[in-house]
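*Asks:* Below is one structure. I have some questions about it.
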Amino acid sequence: MKDPIDQLKGIVKGTGKIDSVYGGFEVKVLKPKSFPWHQVINQLIKIGQKVWVEKREENIYIISEPNIQ
20 MKDPIDQLKG IVKGTGKIDS VYGGFEVKVL KPKSFPWHQV INQLIKIGQK
70 VWVEKREENI YIISEPNIQ
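One gets the working numbering by counting positions in the sequence shown from 1 and adding 19 to each.
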(Lines of atoms letter the chains of each structure in order from A; the text may use other names.)
(Lines give C-alpha, C1' and ligand atoms only; values in the text may rest on other atoms or scores of the structure.)
Protein backbone atom coordinates (compact mmCIF):
# COMPACT_ATOMS: atom_id res chain seq x y z
CA MET A 20 0.00 0.00 0.00
CA LYS A 21 1.28 3.43 -0.96
CA ASP A 22 2.11 6.04 1.69
CA PRO A 23 -0.77 8.59 1.97
CA ILE A 24 1.51 11.59 1.39
CA ASP A 25 2.91 9.93 -1.75
CA GLN A 26 -0.64 9.30 -2.98
CA LEU A 27 -1.52 12.96 -2.45
CA LYS A 28 1.65 14.14 -4.16
CA GLY A 29 0.76 11.93 -7.14
CA ILE A 30 -2.66 13.57 -7.36
CA VAL A 31 -1.53 17.16 -6.79
CA LYS A 32 1.66 17.07 -8.90
CA GLY A 33 2.82 20.66 -9.45
CA THR A 34 -0.48 22.34 -8.59
CA GLY A 35 0.10 22.35 -4.83
CA LYS A 36 2.53 21.70 -1.98
CA ILE A 37 1.84 19.02 0.65
CA ASP A 38 3.19 18.82 4.19
CA SER A 39 2.45 16.27 6.88
CA VAL A 40 1.28 18.02 10.07
CA TYR A 41 0.38 16.32 13.40
CA GLY A 42 -1.18 13.21 11.84
CA GLY A 43 -2.90 15.20 9.12
CA PHE A 44 -1.94 17.20 6.07
CA GLU A 45 -1.59 20.80 4.96
CA VAL A 46 -2.00 21.29 1.22
CA LYS A 47 -1.10 24.71 -0.17
CA VAL A 48 -2.90 25.34 -3.46
CA LEU A 49 -0.41 26.85 -5.91
CA LYS A 50 -2.49 26.74 -9.12
CA PRO A 51 -6.19 27.00 -8.20
CA LYS A 52 -7.49 26.74 -11.77
CA SER A 53 -5.80 23.39 -12.44
CA PHE A 54 -5.75 22.03 -8.86
CA PRO A 55 -7.57 18.65 -8.56
CA TRP A 56 -9.92 19.78 -5.76
CA HIS A 57 -12.31 16.84 -5.84
CA GLN A 58 -9.60 14.19 -6.01
CA VAL A 59 -7.61 15.68 -3.12
CA ILE A 60 -10.60 16.13 -0.82
CA ASN A 61 -11.95 12.69 -1.72
CA GLN A 62 -8.56 11.06 -1.02
CA LEU A 63 -8.25 12.78 2.37
CA ILE A 64 -11.74 11.62 3.39
CA LYS A 65 -11.01 8.12 2.08
CA ILE A 66 -7.99 7.80 4.41
CA GLY A 67 -10.05 8.90 7.43
CA GLN A 68 -9.30 12.62 7.64
CA LYS A 69 -11.53 15.55 8.58
CA VAL A 70 -11.06 18.28 6.00
CA TRP A 71 -11.50 22.04 5.88
CA VAL A 72 -10.36 24.88 3.63
CA GLU A 73 -8.95 28.23 4.73
CA LYS A 74 -7.32 31.28 3.24
CA ARG A 75 -4.07 32.65 4.65
CA GLU A 76 -3.08 35.95 3.12
CA GLU A 77 -3.39 35.26 -0.63
CA ASN A 78 -3.08 31.46 -0.46
CA ILE A 79 -5.75 28.78 -0.12
CA TYR A 80 -4.97 25.74 2.04
CA ILE A 81 -6.70 22.40 2.48
CA ILE A 82 -6.12 21.27 6.06
CA SER A 83 -6.85 17.83 7.46
CA GLU A 84 -6.60 15.97 10.72
CA PRO A 85 -7.43 12.39 11.71
CA ASN A 86 -11.15 11.81 12.12
CA ILE A 87 -11.24 10.32 15.63
CA GLN A 88 -14.69 9.49 16.89
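Note that the Cβ used here is the ideal one computed from N, Cα and C, for glycine as well.
#1: Taking all protein chains shown into account, do 16 or more other C-beta atoms lie within 10 angstroms of the C-beta of Gly33, making it buried, or fewer, making it exposed?
#2: Do Gly43 and Glu84 count as a contact pair if the criterion is CB distance below 7 Å?
#3: Taking 7 Å as the cut-off, decide whether the C-beta atoms of Val40 and Ile79 are in contact.
#4: Among Pro23, Phe54 and Trp71, which has the Cα closest to the Cα of Gly35?
#5: Spatial neighbours of Ile64 within its chain, please: CB distance less than 7 Å, with the 5 preceding and 5 following residues excluded, ordered by chain position.
*Replies:* Taking the structure as given:
#1: The sequence position of residue 33 within the sequence shown is 14, counting from 1. Counting of Cβ neighbours within 10 angstroms places Gly33 among the exposed residues, the total staying below 16.
#2: What you label residue 84 is simply residue 65 of the sequence shown in a count that begins at 1. What you label residue 43 is simply residue 24 of the sequence shown in a count that begins at 1. Yes. Within cutoff.
#3: By 1-based counting over the sequence shown, the position of residue 40 is 21. By 1-based counting over the sequence shown, the position of residue 79 is 60. No, Cβ-Cβ distance for Val40 and Ile79 is not below 7 Å.
#4: The sequence position of residue 35 within the sequence shown is 16, counting from 1. When each option's Cα is compared against that of Gly35, the closest is Phe54.
#5: For the purposes of this step, residue 64 is taken as the residue at position 45 of the sequence shown. For Ile64, where only same-chain residues beyond five positions count, the Cβ hits under 7 Å are Val70.
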